[in-house]
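Here is the structure we will look at, set down as structure tokens.
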Amino acid sequence: MQEKKDKGKITRRKFLAGLAVCTSALALPIGGANASTWEEYFRQHFKRLDKDELDTILKNMEKELSEKYRKAVTVKATPPMENVVFGYALDLSRCIGCRRCVYACVKENNLSRTPQIHWINVLEFEKGNKKWQYLEHSNRYYNPEDVPQKGHFYVPVQCQQCKKPPCIKVCPVKATWQEPDGIVVVDYNWCIGCRFCMAACPYGARSFNWAKPYIPKEEFNPSMHYLGNRPQYKGVVGKCTFCIQRSREGRYTACVEACPVGARKFGNLLDPKSEIRYILEQLTVFRLKEGLDTNPKFFYFFSMGSPVKS
Amino acid sequence: MEGLKGIIRTLVTGSRAYKLWLTLLFALISVAIVLLYKQSDQGLIVTNMRDPVSWGWYIANFTFLVGVAAAAVVLVVPAYLYHHEGIKDIVLLGEIMAISAVSMCLIFVTIDMGSPERFWHLIPKIGIFNFPQSILAWDVFVLNLYLFLNLFLVTYGLYKMYTDKPYNKKLIWPLILFSIPAAISIHTVTAFIYVGLPSRPFWNAAILAPRFIASAFCSGPALMLILFQVIRKTTRFEVSDRALFKVGEIITYAMSLNLFFLISELYKEHYIETAHIASVEYLWSGLHGHNQLVPWIWTALAFNLTAFLLLLIPKTRMKLSTLNLACILIFAGVYIEKGMGLVFPGFIPSTLGEIYDYFPNALELWISLGVWAAGMLIFTVLAKIAIAIKTGELKAAGK
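Top line first, the protein sequences correspond to chains B and C.
Residue numbers are given in this note's numbering: position 249 of the first sequence equals residue 251, and the series is strictly consecutive.
Residue numbers are given in this note's numbering: position 130 of the second sequence equals residue 175, and the series is strictly consecutive.
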């Protein structure tokens, strides 16, 4: 409601911009601040930008990134599709722990290589471990010659796109919110880096840019979404967006495409004929940490019986 | 103008020890500023914090200092509600301590932010202040409210004293009364930041806020007792033993509650152990061989217990040497308990079960020391002015 009301008020916006100029004189380094730095500094929250402002921002961003990475960059802000809520299901009996999804995600989403940021974490457990849901029995840093390792099973975890996300509620500036298609997004230009959302997330799904992200030019993905895989900044939080730049164009996420064993299923929860709906209705699924009632749209299932028994 | 000159004169004149103290504070602040430049240039990667433990030493200090700030109320209540004359004389210093502590809190939160230059995003209307959903927004609100409340009370009181005019009781009395729930609220809301996170079972406990308050009423007054004696020794400002012993008595009650809440907490975790005990284990006995916090927390407990015994026995409570020992032990004990003992284990093991043995690095320690120096500087400056006015060294012309 607030955001809608604000869109009409240009006079106040101008007043606020003026006010911001005054206050920010203190906050910004004097040298080296050019026009785009100022625009970026005073840019409003994504939901408060009108169409013209957003178009200009996207165009400028495309120009800047094209020059920097020497590729024809497109930055879109594709809105959610009508009657679509995305859901995900992961087949634990197929996952071999190869981490191809992890690296496909890094590449697709322009995540920092140094320091390394992963939006997917694959946990390795020993088979027969009855306490595997005590997650400290897992190993996130397994590094064998071959996978799957004998006597082990693997549980990949990424943003569970909760219907009741604790991360959103705690954000002091509403820099993160849930879109109508169920995707929880972050405005990298609005996040103040307080990391309260990371403390609130029960799934370790949020990553902080502890340093300036480094993305090698030759691996840069030029096809981007403002709320998704555009390069992030030092000092802000990022997270899996179900590859919003792909999913909103009707494509599979990068992790789904990369999975060599077909363990990853993705689709529209509102479409009764979708594969995801078939899995939810025909197989037994479970979600992580159900006791917290976060109501994730990320499900786990076993298509071939529990690998714990094998 | 005349008054400003007087204030400056008061601040620049002082004993050798006073000047040495200021030099030390400025030196520590300078070191911190240089390191903060490095931190803002390279990012928080220069700290030891990482994704699994995303808050560390800065937030631990913030949490502890909120308690110190809240403790001014320990003086306000006996002074104004019970008309304890000895404490009435020192309540001003308690409020100055609150100002210094809240200032440190705000600095600690700011330097912990990844993008502090975007602070304007928090300003309602211009930015977006997620109130009342985000408990952090509440905290920003109550901390600033408490800061301005105390700033007003101190400057108003000093100004009236300076010009030798009577207080407007109708204005001051409601504000003093209001400062009592305000002090409780800053600590409650800060505790609720942690309590409101079911993802972290270690913090998601109803006992947390009451225990925060209890330990705050130990550590804050303990620090006050020491500072009052320093002031009494180095200036003409008088603090009666009676007032000191009264504060000592209040600390005794608070520590008994703090220990009682600790027992309640440990009972709940241990009687029938569940998966949620992992962080408690990490803190008190070590988890899967990771036990770096164990010696710290047992030291803290030993300090608190020893201090409690010293305070419980009237003979040692009413003797300055043992009272001071108790205060030092309590300050150190609660600093460990509310700082690293509360913040670090909440993140260990992480929500995905990773055990990352976070401990602050040298940069974090030096920067934090600098923030403490800044707080001490605020206290020194305000207290120096207040004492000069109170002892009559500084007063309006013609009075």
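Idealized CB from N, CA, C, for every residue including glycine.
Buried versus exposed call for residue i [16 or more other C-beta atoms within 10 Å across all chains shown]
{"i": "I317 of chain C", "result": "exposed"}
{"i": "G293 of chain B", "result": "exposed"}
{"i": "I430 of chain C", "result": "buried"}
{"i": "F71 of chain C", "result": "exposed"}
{"i": "Q234 of chain B", "result": "buried"}
{"i": "W218 of chain C", "result": "exposed"}
{"i": "V118 of chain C", "result": "buried"}
{"i": "H166 of chain C", "result": "buried"}
{"i": "Q118 of chain B", "result": "exposed"}
{"i": "T286 of chain B", "result": "exposed"}
{"i": "D57 of chain B", "result": "exposed"}
{"i": "H120 of chain B", "result": "buried"}
{"i": "N213 of chain C", "result": "exposed"}
{"i": "C358 of chain C", "result": "The question names Cys, but residue 358 of chain C in the sequence shown is Ile. Answer is exposed; the Cβ neighbour count stays below 16."}
{"i": "V172 of chain B", "result": "buried"}
{"i": "Q284 of chain B", "result": "exposed"}
{"i": "L330 of chain C", "result": "Per the sequence shown, residue 330 of chain C should be read as Ser rather than Leu. So S330 of chain C counts as exposed."}
Terminal residues of the beta strand (DSSP E) in which residue i lies
{"i": "I237 of chain C", "result": "Note that residue 237 of chain C is Phe in the sequence shown, not Ile. Careful: F237 of chain C lies outside any beta strand (DSSP E), inside the alpha helix (DSSP H) at 214-240."}
{"i": "N303 of chain C", "result": "Unbroken run through N303 of chain C is the alpha helix (DSSP H), 286-315; no beta strand (DSSP E)."}
{"i": "L125 of chain B", "result": "123-128"}
{"i": "V187 of chain B", "result": "186-188"}
{"i": "F301 of chain B", "result": "300-303"}
{"i": "M226 of chain B", "result": "225-227"}
Run of the alpha helix (DSSP H) containing residue i, from where it starts to where it stops
{"i": "S75 of chain C", "result": "61-87"}
{"i": "V258 of chain B", "result": "256-260"}
{"i": "F376 of chain C", "result": "365-383"}
{"i": "T178 of chain B", "result": "Element bounds for T178 of chain B: not the alpha helix (DSSP H) but the beta strand (DSSP E), 178-180."}
{"i": "Y191 of chain C", "result": "180-208"}
{"i": "P168 of chain B", "result": "168-172"}
{"i": "Y71 of chain B", "result": "53-71"}
{"i": "P359 of chain C", "result": "359-362"}
{"i": "K50 of chain C", "result": "47-57"}
{"i": "F174 of chain C", "result": "Note, F174 of chain C: premise wrong, no alpha helix (DSSP H); not H, not E."}
{"i": "F155 of chain B", "result": "F155 of chain B -> not in any alpha helix (DSSP H); beta strand (DSSP E) instead, spanning 154-159."}
{"i": "Y280 of chain B", "result": "277-284"}
{"i": "T39 of chain B", "result": "37-44"}
{"i": "W329 of chain C", "result": "323-329"}
Collapsed DSSP secondary structure at residue i in the structure displayed
{"i": "D96 of chain C", "result": "coil"}
{"i": "F210 of chain B", "result": "strand"}
{"i": "G293 of chain B", "result": "helix"}
{"i": "P255 of chain C", "result": "helix"}
{"i": "S249 of chain B", "result": "helix"}
{"i": "P81 of chain B", "result": "coil"}
{"i": "H335 of chain C", "result": "strand"}
{"i": "E318 of chain C", "result": "coil"}
{"i": "V86 of chain B", "result": "coil"}
{"i": "D157 of chain C", "result": "helix"}
{"i": "N106 of chain C", "result": "helix"}
{"i": "H139 of chain B", "result": "helix"}
{"i": "S148 of chain C", "result": "helix"}
{"i": "G269 of chain B", "result": "strand"}
{"i": "L439 of chain C", "result": "coil"}
{"i": "K165 of chain B", "result": "coil"}
{"i": "V104 of chain B", "result": "helix"}
{"i": "K241 of chain B", "result": "strand"}
{"i": "H166 of chain C", "result": "helix"}
{"i": "A74 of chain B", "result": "coil"}
{"i": "F404 of chain C", "result": "coil"}
{"i": "L92 of chain B", "result": "strand"}
{"i": "F348 of chain C", "result": "helix"}
{"i": "F198 of chain B", "result": "helix"}
Whole-number beta carbon distance between residue j and residue i, since they are thought to touch under 8 angstroms
{"i": "F376 of chain C", "j": "S264 of chain C", "result": "6 angstroms"}
{"i": "A207 of chain B", "j": "C161 of chain B", "result": "4 angstroms"}
{"i": "M142 of chain C", "j": "M300 of chain C", "result": "No, M142 of chain C and M300 of chain C are not in contact; Cβ-Cβ is about 19 angstroms, not under 8 angstroms."}
{"i": "L198 of chain C", "j": "S224 of chain C", "result": "7 angstroms"}
Contact the segment 408-421 of chain C vs the segment 94-105 of chain C: 3+ CB pairs below 8 angstroms: When C-beta atoms of the segment 408-421 of chain C are compared with those of the segment 94-105 of chain C, three or more pairs fall below 8 angstroms, so the two segments count as touching.
Inter-stretch contact (C-beta, 8 angstroms, three-pair minimum) for the segment 46-60 of chain C and the segment 175-194 of chain B: The segment 46-60 of chain C vs the segment 175-194 of chain B: no contact.
Cβ contact (3+ pairs, closer than 8 angstroms) linking the segment 229-247 of chain C and the segment 320-337 of chain C: Three or more pairs of CB atoms, one per stretch, sit closer than 8 angstroms, so the segment 229-247 of chain C contacts the segment 320-337 of chain C.
Touch test, the segment 88-96 of chain C against the segment 363-382 of chain C, Cβ-Cβ under 8 angstroms, three pairs minimum: Touching, no.
Inter-stretch contact (C-beta, 8 angstroms, three-pair minimum) for the segment 226-238 of chain C and the segment 181-199 of chain C: yes
Inter-stretch contact (C-beta, 8 angstroms, three-pair minimum) for the segment 207-223 of chain B and the segment 38-51 of chain B: no
Stretch pair the segment 299-308 of chain B + the segment 80-98 of chain B: three plus CB contacts closer than 8 angstroms: yes
Inter-stretch contact at 8 angstroms, needing at least 3 Cβ pairs: the segment 63-70 of chain C / the segment 395-405 of chain C: The count of Cβ pairs closer than 8 angstroms, one atom from the segment 63-70 of chain C and one from the segment 395-405 of chain C, stays below three, leaving the stretches out of contact.
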